[in-house]
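Residue numbers (this note's numbering): 1186 to 1344.
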């Protein structure tokens, strides 16, 4: 059992539930994970996780090298190679020889990969609409701007 002095210190430090930054981040994270667990299998993407989805976005429309993807995704080349192998098995990417640089290959989306990307964009649009419905258009837009500012700031720091 807590002593009265320790309990008082905890009570004085404990923010209201709505003012707890950690709690709000955790609950949003939990909501998004649950959404992924429900939506991805329904879209036929049950074997994909957040890392696979992020990989699809880093490829771009013209393809990219493994090291270029690793740099964009901010992961090691080894981690990227593992993801690439998994995505090849899912048939959402293909690897072709680089015509300009024979030392590396180009990773590109397949038609199935492009279709998967479209499904993910549609899901993102649905999520944005849900947030807009709950918060209103102005607040939802402001939330997006604030999240982008925070991510830019975090990504600007050296890892």
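All C-beta atoms, glycine included, are put in the ideal place defined by N, C-alpha and C.
Less than 8 Å between the beta carbons of residue i and residue j, yes or no?
i	j	result
residue 1278	residue 1250	no
residue 1232	residue 1268	no
residue 1333	residue 1325	no
residue 1224	residue 1308	yes
residue 1241	residue 1298	yes
Between the alpha carbons of residue i and residue j, how many angstroms are there, rounded?
i	j	result
residue 1263	residue 1294	20 Å
residue 1305	residue 1329	18 Å
residue 1200	residue 1210	14 Å
residue 1214	residue 1338	20 Å
residue 1193	residue 1212	26 Å
residue 1322	residue 1336	21 Å
residue 1341	residue 1187	42 Å
residue 1204	residue 1198	12 Å
residue 1311	residue 1221	13 Å
residue 1216	residue 1260	25 Å
For residue i, which residues from the same chain have a beta carbon less than 8 Å from its beta carbon, with the 5 sequence-adjacent residues on both sides left out?
i	result
residue 1271	1237
residue 1316	1325, 1328
Return yes when at least one heavy atom of the ligand GDP lies under 7 Å from the C-beta of residue i, else no.
i	result
residue 1234	What this structure holds is no ligand at all, so the ligand GDP is not there to describe.
Report all residues from its chain with a CB closer than 7 Å to the CB of residue i; omit the five preceding and five following residues, and keep chain order.
i	result
residue 1265	1251, 1254, 1255, 1258
residue 1282	1290
residue 1239	1258
residue 1248	1291, 1292, 1293
Determine which residues share a DSSP beta bridge with residue i and list them.
i	result
residue 1190	Bridge partners of residue 1190: none, in fact.
residue 1279	1293
residue 1249	1292
Apart from the five residues just before and just after residue i, which ones in its own chain have a Cβ nearer than 6 Å to its Cβ?
i	result
residue 1228	1304
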